[in-house]
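Residue numbers (the numbering used here), protein chains in the order written: chain A, 1 to 100; chain B, 101 to 285.
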């Protein structure tokens with residue numbers, strides 16, 4: 001197995017594990033961290049492709065993903081703090097009334 | 101002789117780092133305490149940084165450690181300590197565990213198959229001259245194209261950051277209003 005397919009397999013595995021974590025875990029903070037894991041998997045595939053083709057576009061996109069990840073966490077954490085202050089729990093099942 | 105040895109060491113390290121990152125990701129799903137999950141995620145991110153370094157994109161490796169581990173995860177760990185989860189026995193998994201796992205396995209299979217198919221169908225890629233990825237491009241070429249070709253995208257991130265600041269202010273206002281409502285009511 002060559003390097004590219006190995007790295008792409010790792011990227012796919014990280015993405016799918018992150019998605020699985022978002023689906024099956026109940027703790028809100030753990031779900032947020034699993035979203036970060038998904039972004040990391042995507043970053044790895046971007047770097048792999050950009051190294052393979054010698055094009056800088058992938059690396060630029062990785063930097064933009066860094067910004068997006070930081071913004072996402074910076075906004076998600078205050079929202080989680082608000083929810084926890086309201087419900088006194090991190091369990092997702094308690095937030096059922098957000099369905100509207 | 102030394103060259104091939106170094107190359108083999110390179111691929112060995114790559115496989116080791118990859119296996120470690122994968123193990124960290126699996127641990128994230130299994131561990132119960134948010135703090136341990138955060139530690140597993142941090143180790144995964146650092147190992148991914150090692151992989152980026154091995155691939156020759158050292159600046160991305162540096163930013164992976166600086167931004168992800170240094171900013172995002174420190175913030176996360178801080179919040180975990182701040183919240184200090186009180187619930188004694190909370191179920192680890194929702195009742196989506198079985199269908200979610202099945203769907204994830206299916207997705208994994210589909211993605212792997214299609215990527216493998218695409219790689220096989222591709223005419224043998226023109227590998228960069230030196231063989232290892234180290235010479236593909238360095239930070240000089242990256243920064244030149246970042247600030248000349250992609251300057252608009254770079255500027256657009258500042259719009260995103262502005263939107264984030266406004267949204268954070270909105271969240272603060274909501275929390276203040278809800279606090280006033282509870283104190284009055």
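Note that CB positions come from ideal geometry on N, CA and C, so glycine has one too.
C-alpha distance - residue i paired with residue j, whole-angstrom precision
| i | j | result |
| --- | --- | --- |
| residue 9 of chain A | residue 168 of chain B | 22 Å |
| residue 129 of chain B | residue 25 of chain A | 7 Å |
| residue 237 of chain B | residue 158 of chain B | 10 Å |
| residue 283 of chain B | residue 91 of chain A | 25 Å |
| residue 39 of chain A | residue 68 of chain A | 9 Å |
| residue 96 of chain A | residue 86 of chain A | 13 Å |
| residue 279 of chain B | residue 273 of chain B | 10 Å |
| residue 63 of chain A | residue 149 of chain B | 14 Å |
| residue 43 of chain A | residue 184 of chain B | 31 Å |
| residue 196 of chain B | residue 181 of chain B | 28 Å |
Partner residues on chain A for residue i, Cβ-Cβ distance less than 8 Å
| i | result |
| --- | --- |
| residue 253 of chain B | 60, 64 |
| residue 201 of chain B | 20, 24 |
Cross-chain neighbours of residue i in chain B, by beta carbon under 7 Å
| i | result |
| --- | --- |
| residue 9 of chain A | 212 |
| residue 47 of chain A | 152, 155, 157, 160 |
| residue 99 of chain A | The contacting residues do not exist; residue 99 of chain A stays about 15 Å from chain B at best. |
Amino acids of chain B, ordered along the chain, whose beta-carbon sits closer than 8 Å to that of residue i
| i | result |
| --- | --- |
| residue 96 of chain A | Result: empty, since nearest Cβ-Cβ is about 12 Å, beyond 8 Å. |
| residue 19 of chain A | 204, 207 |
| residue 82 of chain A | 271, 274, 275, 278 |
Within chain D, partners of residue i - CB distance below 8 Å
| i | result |
| --- | --- |
| residue 172 of chain B | Included in the structure are the protein chains A and B, with no chain D among them. |
Residue i: contacting residues in chain B (beta-carbon distance under 9 Å)
| i | result |
| --- | --- |
| residue 87 of chain A | None at all; the shortest Cβ gap to chain B is about 11 Å. |
Cut-off 7 Å between Cβ atoms - residues of its own chain near residue i, not counting five sequence neighbours on either side
| i | result |
| --- | --- |
| residue 36 of chain A | 69 |
Neighbouring residues, chain A, relative to residue i (Cβ below 7 Å)
| i | result |
| --- | --- |
| residue 145 of chain B | 40 |
| residue 118 of chain B | 6, 10 |
Where residue i meets chain A, residues with beta-carbon distance less than 9 Å
| i | result |
| --- | --- |
| residue 180 of chain B | 29 |
Cutoff 6 Å; reference residue i; Cβ partners in own chain excluding five residues on either side
| i | result |
| --- | --- |
| residue 50 of chain A | 58, 59 |
| residue 143 of chain B | 124 |
Decide if the segment 55-63 of chain A is in contact with the segment 234-248 of chain B; the criterion is three or more beta carbon pairs, one per stretch, under 8 Å apart. yes
Just to confirm the assignment: which complete alpha helix (DSSP H) runs, minimum length 4, are found wholly within the segment 154-179 of chain B? 158-163
Using 8 Å as the cut-off, can you tell me whether the segment 132-139 of chain B makes contact with the segment 25-43 of chain A, which would need three or more C-beta pairs spanning the two stretches below that distance? yes
Are the segment 162-177 of chain B and the segment 66-77 of chain A touching by the rule of at least three beta carbon pairs closer than 8 Å? yes
With three or more C-beta pairs closer than 8 Å as the rule, is the segment 116-127 of chain B touching the segment 10-22 of chain A? yes
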